[in-house]
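Enquirer:
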Amino acid sequence: KTFRSTEDPSVPREKRKYVLDMFPYPSAAGLHVGHPEGYFATDIYCRYLRMKGFQVLHPMGFDSFGLPAENYAIKTGTHPRVSTEQNIARFTTQIKSLGFSYDWDRRLSSCEPEYYRWTQWIFLKLWEKGLAYEAEVPINWCPSCQTGLANEEVKDGLCDRCGTPVVRRNLRQWILRITAFAERLLADLGMLNWSDSLKLMQTNWIGRSEGANVHFALESGAGSIEVYTTRPDTLFGATYMVLAPEHPLVQKITTPAQKKAVEDYIHAASMKSEMERTELAKDKTGVFTGAFAINPMNGKKIPVWISDYILISYGTGAIMAVPAHDERDFAFARKFDLPIVQVVSRDGSAAELSEADPTDGVAVNSGEFTGLPTAEVKKRIVEWLQKKGIGTSAVNYKIRDWIFSRQRYWGEPIPLVHCPTDGIVPVPYDQLPLKLPEVAKVVPTGTGESPLAAIPEWVNTTCPKCGGPAKRETNTMPQWAGSCWYYLRFLDPGNDTAFAAREKIDYWMPVDLYVGGAEHAVLHLLYARFWHKFLFDEGLVNSPEPFMRLINQGMILGEGGAKMSKSLGNVINPDDIVRDYGADTMRIYEMFMGPLEVSKPWSTRGIAGAKRFLERVWRTAELPLTDEEPTEALWRLLHKTVKKVSRDTDRLEFNTAIAQMMIFLNEAAGLASMPRKLWTPFVLLLSPYAPHLAEELWEKLGHAPSISRQPWPEWEEALTAEDSVEVVFQVNGKIRAKENLPVGMPEAELKEKAMGHERIRELLSGKQVRKVIVVPNKLVNIVAG
RNA sequence: GCCGGAGUGGUGGAACUGGCAGACACAGGGGACUUAAAAUCCCCUGUCCCGCAAGGGGCAUACGGGUUCGACCCCCGUCUCCGGCACCA
């Protein structure tokens, strides 16, 4: 069944909602119970919104390019399309069995040519604007996956996908200039309704820092070394310098006596894997180049070293070392017996340091700046450097450009051609999609090149510009390319003249609610924001950000609280749950487990409880219906329930909404006959949560289908308020008595009631009343001693 | 190491803005129905102490302090678990 969503311009913007799930990668393992958790949440929310009169867009698709399919294809000698299609069919069946209200007419799959045509189109736009460039750079190479990886795909020196240690390898790569957007990716986090922890993760990943670039003249007079520092205030304490082994100056400045040692070191450093570098982080290594530079502040001669603790890719690839105030420099100085000079002190006195002290304080040993606080010294030294023309303030980011090419078959071909006369030439837009060549099976090359390189009929082509012989780019795009813009294609999936019509983008975008796992914090969620900002700059979309509100659903853990994993044998298959308990029970159970964002363990007992609740609903529905008025108490309880379920559903607090429905049912189940006036609204409240059951109950009430198109019930505020409350009487903050009193009793009267209470009088006898605090409708606290 | 988040009964969790801690469920105990079992329905269920009982009192939201008439909630310190980053100058 499809819940079609259409654009209706008469619907005001605030009555339209785009609610999106992260589209799944159709793995061979099939759906996992964790998958639907987020889908249930968005589905309940969408059903609720539709009943509240919203126009809702709620699509589903598949992120279907990727390594597992290709690896499986290589192993079995088939085509990845075959297993991908099988997996998609299985996922679709599974998803459909769970009762989601998706608009299936908008289904898309990122590996289909009609889809990746536009992924290639956007890539070409990036290339035209100079945001995609080719370079031979040392990259993270996974020997098992036989492909390069982006920085974001390496965790603890291991391949994020297969856990193999990553090695460094120089390869020609296509790279996207995400760093050009670093400042905006950071600043615009402010406009997003995302969790603070997620925003912080992106903030840290972008890693902005402020400091200065400073030139240190070489003693030989042959130029200078430029460094980046966040602590220009410690310039007086710079007692040596260090270059990254790959720094271009190394060759120029190394003295003949040191040449051999330096070359050996560079060779050894280049052989180290990411893992080795990380593990050896504590033990510093390095070699003296034989050259010296001059500290511009005090004119002292300082030695220039090389070490792999300096990264060529950050800042200028060179540092001034201030061992007194930087841990790494301190360790290095200790190891190689280099001088340590304190230039910042907490109390103004200088003493022997036993470890680096990076905290702010007051300058010491700093010439004219001595005695000034750190912040002031920073400012003045940068001014001084600027005046001298040897330094300037600077900003740096940790984020690197995005290594965008993969040496694999199952991805979008990069639509560029290498021509001997014209260089790099784009495939013309009217020739997109540039389709993957049909192959019987995928064969890895083993050379670090894509399997596409081994298909001469495909590689050899003609140059679109000059018509001469040329070669196709053989790298493909990474898994993340397709997910950078799929939310836009959902708006207009059949469009063959644009990735989406502008009026549809204007109608729906940006996404109002986006739900998915937290594992994409610095991958998909960063990449998609980058592409979206580019499209925004090009005037192709209407918003600077794609996802206004984002929720990360918590993980569903195994029965004991451990992560579900094949090796532990604690994986729950949703098919079994649907078969044994039904989709509605699974929906209710997963939503009742706890807050959406929190990780929580699966419980077979718990799901039995959810089933019991729905069975009880069914039995209650079998009570004879009457048109009589319900009792006052039940009528009030109903209004309270409508209010609470509405409010909680609106806030995505489904667990407490379900609890309230249980409270209502516990009362209503005891009746001898059921007033329609009571039961009809309850069934409506239940319908987003248990749509199958609710649909049946709706018909049982004598209505035509479908309940999903009925208006959401209203409540009367007056009926949700009690007319009396239990007011607590405290003596010195301890509860000593309670009394049922009318709502709204004035403070003076409450105080009188409390003071007059027999038990309170007893406790107060012989004591002096010092103070009485009255909180209307809540409590009276008598302070006495 | 750095940066986050969390810690509440036997279990999952609830508690809105600092105002009755433990809603709702699960598990457990007792009872009804039944030849019996399942299912269902009803009652009890944080913990310790006093009391035959009705009842009363103490202690309890990781731990130790603080602010407040009053703290799961705010502040300081400690511990544990989870997540992220990790030579970023």
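First residue of the first sequence: 54, per the working numbering; consecutive thereafter. For glycine and all other residues, C-beta sits at the position ideal for the given N, C-alpha and C.
With DSSP as the reference, label ILE175 as helix, strand or coil.
Expert: helix
Enquirer: Using the Cα positions of ARG311 and TYR482, report the straight-line distance between them to the nearest angstrom.
Expert: The question names Arg, but residue 311 is Gln in the sequence shown. So the alpha carbons of these two residues sit roughly 55 Å apart.
Enquirer: Any idea if ASP395 is buried or exposed, counting beta-carbon neighbours within 10 angstroms, 16 or more meaning buried?
Expert: The sequence as given places Gln at residue 395; Asp does not occur at that position. So GLN395 counts as buried.
Enquirer: Quick check on DSSP: helix, strand or coil for LYS440?
Expert: helix
Enquirer: So, ALA94 versus LEU649, is the Cβ gap smaller than 7 Å?
Expert: yes
Enquirer: By the DSSP assignment, the beta strand (DSSP E) with LEU296 in it spans what residues?
Expert: 293-296
Enquirer: Thinking C-alpha only, which one of THR232, GLU769, ASP637 is nearest THR694?
Expert: GLU769
Enquirer: Could you give the distance in angstroms between the alpha-carbon of MET798 and the alpha-carbon of GLN713?
Expert: So the alpha carbons of these two residues sit roughly 28 Å apart.
Enquirer: Quick one: what does DSSP say ILE788 is sitting in, helix, strand or coil?
Expert: strand
Enquirer: Can you tell me which of the three DSSP states MET373 falls into?
Expert: MET373: strand per DSSP, three-state reduction.
Enquirer: Restricting to Cα atoms, I'd like to know which of THR679, PHE666, GLU675, ILE630 is closest to TRP655.
Expert: ILE630
Enquirer: DSSP beta-bridge partners for THR529?
Expert: When beta bridges are read from the DSSP output, THR529 appears opposite ARG459, PRO466.
Enquirer: Looking at C-alpha atoms only, which residue of ALA581, VAL448, GLY520, LYS518 is the closest neighbour of GLY535?
Expert: ALA581
Enquirer: For the alpha helix (DSSP H) that ARG582 lies in, which residues bound it at each end?
Expert: 577-590
Enquirer: Rounded to whole angstroms, what's the CA-CA distance from LYS67 to GLU748? Just pull it up for me.
Expert: It should be noted that the sequence gives Glu, not Lys, for residue 67. The alpha-carbon atoms of GLU67 and GLU748 are separated by roughly 28 Å.
Enquirer: Around the Cβ of TRP671, are there at least 16 other Cβ atoms within 10 angstroms (buried) or fewer (exposed)?
Expert: exposed
Enquirer: Would you report the Cα separation of THR145 and TYR78, rounded to the nearest angstrom?
Expert: 12 Å
Enquirer: Could you tell me the boundaries of the beta strand (DSSP E) in which VAL480 lies?
Expert: Membership of VAL480 in any beta strand (DSSP E) is not indicated, and neither H nor E is assigned to it by DSSP.
Enquirer: Mark ASN257 as exposed unless 16 or more other C-beta atoms lie within 10 angstroms of its C-beta, in which case mark it buried.
Expert: ASN257 sits exposed, since fewer than 16 C-beta atoms from the chains shown fall within 10 Å of its C-beta.
Enquirer: Is the segment 113-128 in contact with the segment 529-545, if contact means three or more CB pairs nearer than 8 Å?
Expert: With the cut-off at 8 Å, the segment 113-128 and the segment 529-545 touch.
Enquirer: Does the structure place the segment 634-644 close enough to the segment 586-596 that three or more beta carbon pairs sit under 8 Å?
Expert: no
Enquirer: Assuming ARG222 is part of the beta strand (DSSP E), what are its boundary residues?
Expert: First-last of the beta strand (DSSP E) with ARG222: 220-229.
Enquirer: For the beta strand (DSSP E) containing ILE347, list its first residue and its last residue.
Expert: 340-347
Enquirer: Count the other CB atoms within 10 Å of the CB of CYS472; is the residue buried (16 or more) or exposed (fewer)?
Expert: Classified as buried, CYS472 has 16 or more neighbouring CB atoms from the shown chains inside 10 Å of its CB.
Enquirer: By DSSP's criteria, GLU779 is part of a beta bridge. Which residues make up the other side?
Expert: ASN793
Enquirer: Spatial neighbours of TRP45 within its chain, please: CB distance less than 6 Å, with the 5 preceding and 5 following residues excluded, ordered by chain position.
Expert: No answer is possible for residue 45: it lies beyond the span of the chain, which begins at 54 and ends at 838.
Enquirer: Does the Cβ-Cβ distance between THR423 and VAL430 come in under 7 Å?
Expert: no
Enquirer: Going by DSSP in three states, MET608 sits in which element: helix, strand or coil?
Expert: Correct three-state label for MET608: coil.
Enquirer: With respect to the alpha helix (DSSP H) encompassing ASN257, which residues constitute its N-terminal and C-terminal limits?
Expert: 249-259
Enquirer: DSSP state of ASP400, grouped into three classes?
Expert: coil
Enquirer: When you compare the CB positions of LYS337 and LYS388, do they come within less than 7 Å of one another, or not?
Expert: At the C-beta level, LYS337 and LYS388 come within 7 Å of one another.
Enquirer: Excluding the 5 residues flanking SER777 on each side, which residues of the same chain have their C-beta closer than 8 Å to its C-beta?
Expert: If we look at SER777 and ignore the five residues flanking it on each side, its Cβ neighbours are ASN793, LEU794, PRO795, VAL796.
Enquirer: Roughly how many angstroms lie between the CA atoms of ILE835 and LYS806, to the nearest whole one?
Expert: 12 Å
Enquirer: Which two residues bound the contiguous alpha helix (DSSP H) that contains ALA131?
Expert: Sequence check: residue 131 is Thr here, not Ala. Element bounds for THR131: n/a, residue is neither H nor E.
Enquirer: CB ARG381 to CB TYR362, shorter than 7 Å?
Expert: yes
Enquirer: On the DSSP bridge assignment, give the partners of CYS195 in chain order.
Expert: Paired residue(s): THR200.
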